[in-house]
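Enquirer: Note that the protein sequences, when read in sequence, are chains R and G.
With UniProt numbering, the residue at position 167 of the first sequence is 167, and numbering never jumps.
With UniProt numbering, the residue at position 234 of the second sequence is 234, and numbering never jumps.
There are 2 protein chains.
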Amino acid sequence: MSEPISRMTMHNVGGADGGRLDIFLRKLLGQCRLSTIDQQHLLALPFQLRDLPAQASILHEGDSARVCPILLSGFAYRYKIAADGGRQIVSLRIPGDPLDFQSLYLQTIDHHMQALTPVSLALVPLPALEQLAEARPSIARAILVDILIEASIGREWQLNIGRRHALPRLAHFLCEFVYRMQLIFAHSSDEIEVPITQEQLADILGLTPVHVNRTLKTIEQAGAVVRKGRRLYTRDVAALAQLADFTPLYLHRDNAN
Amino acid sequence: MSEPISRMTMHNVGGADGGRLDIFLRKLLGQCRLSTIDQQHLLALPFQLRDLPAQASILHEGDSARVCPILLSGFAYRYKIAADGGRQIVSLRIPGDPLDFQSLYLQTIDHHMQALTPVSLALVPLPALEQLAEARPSIARAILVDILIEASIGREWQLNIGRRHALPRLAHFLCEFVYRMQLIFAHSSDEIEVPITQEQLADILGLTPVHVNRTLKTIEQAGAVVRKGRRLYTRDVAALAQLADFTPLYLHRDNAN
DNA sequence: GACTCAAACTGACCCAGGTTAAGGATTTCC
DNA sequence: GGAAATCCTTAACCTGGGTCAGTTTGAGTC
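(1) What residue does the alpha helix (DSSP H) around G:PRO137 start on, and which one ends it?
(2) R:ILE174 and R:THR234 look like a contact to me (Cβ under 8 angstroms); what is the Cβ gap, rounded to whole Å?
(3) Roughly how many whole angstroms lie between the Cα atoms of G:GLU61 and R:GLU3?
(4) For G:SER35, which residues does DSSP report across the bridge?
(5) Using a Cβ-Cβ distance under 7 angstroms, would G:MET1 count as near chain R?
(6) Would you report the Cα separation of G:ARG7 and G:ALA133, rounded to the nearest angstrom?
(7) Within 10 angstroms of the Cβ of G:ASN160, are there 16 or more other Cβ atoms? Answer buried if so, exposed if not.
(8) Considering only residues of the same chain and omitting the five flanking positions on each side of R:GLY30, which have a CB-CB separation below 8 angstroms?
(9) Going along the chain, which residues of the region 238-255 of chain G sit with their C-beta nearer than 8 angstroms to a C-beta in chain R?
(10) For R:MET1, count neighbouring C-beta atoms within 10 Å of its own C-beta (all shown protein chains included) and say buried if the count is 16 or more, exposed if not.
(11) What in chain R is Cβ-close to G:GLY154, meaning under 7 angstroms?
(12) Run the CB neighbour count on R:ILE149, radius 10 Å, all protein chains shown included, and call it buried at 16 or more, exposed below.
(13) Could you check the C-alpha separation between R:LYS217 and G:HIS41 for me, to the nearest Å?
(14) Restricting to runs no shorter than 4 residues, where is the alpha helix (DSSP H) found entirely within the region 78-135 of chain G?
(15) Give a yes or no on whether the minimum CB-CB distance between R:ILE161 and chain G is below 7 angstroms.
(16) Which value, in whole angstroms, describes the spacing of the CA atoms of R:PRO95 and R:LEU116?
(17) With a threshold of 7 angstroms on Cβ separation, who are the neighbours of R:VAL226 within its own chain once the five nearest residues in sequence on each side are excluded?
(18) Since R:ASP51 sits in a beta bridge, which residues does DSSP pair it with?
(19) Considering only residues of the UniProt domain "HTH crp-type" (164-238) of chain R, which uninterrupted alpha helix (DSSP H) runs meet the minimum length of 4 residues and lie entirely inside it, listed in chain order?
(20) Can you check whether the C-beta of R:ALA83 is within less than 7 angstroms of a C-beta belonging to chain G?
(21) Looking only at C-alpha atoms, which of G:GLU193, G:ALA166 and G:TYR179 sits nearest to G:ASN213?
(22) Output, in chain order, the set of chain G residues within a Cβ distance shorter than 7 angstroms of R:GLN107.
(23) Taking only three categories from DSSP, how would you classify residue 267 of chain R?
(24) Between G:ILE143, G:PHE47 and G:GLN198, which lies nearest to residue 328 of chain G when the distance is taken from Cα to Cα?
(25) Could you give the distance in angstroms between the alpha-carbon of R:LEU104 and the alpha-carbon of G:PRO195?
(26) Alpha carbon to alpha carbon, what distance is there between R:ALA65 and G:ARG230?
(27) Count the C-beta pairs between the region 241-248 of chain R and the region 191-210 of chain R that are closer than 8 angstroms, then say yes if the count reaches three, no if not.
(28) DSSP state of G:ALA244, grouped into three classes?
(29) Do you know whose CA, among G:HIS187, G:SER57, G:ILE153 and G:LEU72, lies nearest G:VAL172's CA?
(30) Do G:LEU205 and G:ARG180 count as a contact pair if the criterion is CB distance below 7 angstroms?
(31) Could you name the residues of the region 129-142 of chain R whose beta carbon sits closer than 8 angstroms to any beta carbon of chain G, in the order they occur along the chain?
(32) At 7 angstroms on the CB atoms, spell out the chain G contacts of R:ASP63, in chain order.
(33) Give the interface partners of G:VAL194 over in chain R, defined as CB-CB distance under 9 angstroms, in chain order.
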């Protein structure tokens, strides 16, 4: 595995190409309001495009970041490792999501981040983002709101891991995944591919791959998901929500209104 | 149980009494630097003092806050409830900690908060805090840093609940508790009272009270904690850290330097 | 110093999910 | 299109921690 992004320095930061950052703007607009001027400033941010293969390291614990990666396409996850080698995925990031706002304010990265699928990233130099946040309070606020919503999702995951059995736990995660995907891609179909291996699902849920497999079978028999070949698709979100005791309040989708 | 603080409106906000907020300032200074002027502004914040008994409700899911409570003494915790009644404590707050910076930026509270022991709170009107954060960027930054460090602790709890067995899990929590207490109270003794019942420990750790009891017995036999009557005291932090696979990086104690 | 109530403790039993160890199916890559 | 790698699947067995059903020990309180 090559050098993580968090160890990179930037050369040749190209001129802005607003079209690429469009999905990032849409993501922020789903969480808080921004004036037309703020939107233009965001789209005008300088960045370098970077494509990475699945499994590539994006952040490394202990590093200090110099760029803020934004996920233009593909999926990525934060994780931590226990002394016995156990891995816990603590956050899943989907297209449009900023990956490391935290390093604007904290010196040291406290977890790892990896590409789940092939990804393309916009690497925004931290100083550019810092200056923008200082100059425009509502952009600073948008950053904060994203940080807070991710933290809220983290608390829901704590409840999920600590207090729900395997079946509702898995269903809850899948349900959240669909909700978030629908919000950013603005489509309403229940059928979404979940590009996550059973081993990774296990590390999200605090289970073993074997038990994820068993549980997935049950959920498929209930008609809530389908598997085709090696791929997993959600099928019936209402069924998932019912299995899961799912309430979307913690996603704060009302905050943009 | 009476009305939660998050449903309160404020009357008679007294003149500032900086001495009371001193512990709050100390807490923030442990996480980031602040100029003398910033410090004076913080101490000059208007607030109303409020003493509450143990178990009192402080925040209620679904509410919108009008005040930001700051914990001057005592302990409090955030928690969430699953459909089957299971409770997960997602955050423990200790003296000096702000309890709801989140409501500066999000409309709806996504979890509950309760007093663990009798507490005294300084209730700061949200508008006063908002104005201060807007006027002084380094205070806005201090707020953000606190939010980020709490989120980092939450991620460590996810790892703890999802991937550590009962014994290291409990030891890890106790170790973190001592570290945080030592930071705010600036004393170096290993012997600290942990004012948390076994049932509450269970809800922090995603275990049952019965198993917390068993595990506590083991940890006591290892000499890492002592119990006197109904009270629990830490005794040997190095032993706890070793049982727990504890690394304090995620507390970001270096960030103030 | 008895009465009350919450919290701590204990033992017997049980089960959800872990472990181990295969084999089988897809995908990827020469 | 064959080899290699990765991922999925299943079965048999095991165990960490849950459940149930008590008893005991404080700590207030009058």
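Every residue gets a Cβ at the ideal spot worked out from N, C-alpha and C, and that includes glycine.
Expert: Taking the coordinates as given:
(1) 137-163
(2) According to the sequence displayed, residue 174 of chain R carries Leu and not Ile. Right, the Cβ-Cβ distance comes to about 6 angstroms (below 8 angstroms), so this counts as a contact.
(3) 43 angstroms
(4) For G:SER35, which the question treats as bridged, DSSP gives no partner whatsoever.
(5) At G:MET1 the pLDDT is 45, less than 50, meaning the model places this residue with poor confidence; the figure from the coordinates comes in the next sentence. Taking Cβ atoms only, chain R never reaches closer than 7 angstroms to G:MET1, which makes this a no.
(6) 23 angstroms
(7) buried
(8) LEU183, ILE184, ARG253 and ALA256
(9) ASP245, LEU249, TYR250, HIS252, ASP254 and ASN255
(10) Note on R:MET1: pLDDT 45, under 50, position unreliable in the model; the coordinate value appears next. R:MET1 should be labelled exposed.
(11) ALA151, GLY154, ARG155 and GLN158
(12) buried
(13) 59 angstroms
(14) 126-135
(15) yes
(16) 12 angstroms
(17) GLU220, TYR233 and ARG235
(18) R:SER120
(19) 166-185, 198-205 and 209-221
(20) yes
(21) G:ALA166
(22) ASP254 and ASN255
(23) Because chain R here runs from 1 to 257, residue 267 of chain R falls outside it and cannot be looked at.
(24) Any answer about residue 328 of chain G is impossible in this case: the structure gives chain G only from 1 up to 257.
(25) 36 angstroms
(26) 47 angstroms
(27) no
(28) helix
(29) At residue 172 of chain G the sequence reads His, which differs from the Val that was named. The shortest C-alpha separation from G:HIS172 is found at G:ILE153.
(30) no
(31) GLU134, PRO137, ALA140 and ARG141
(32) Neighbours of R:ASP63 on chain G: none; closest Cβ ~11 angstroms, over 7 angstroms.
(33) The contacting residues do not exist; G:VAL194 stays about 19 angstroms from chain R at best.
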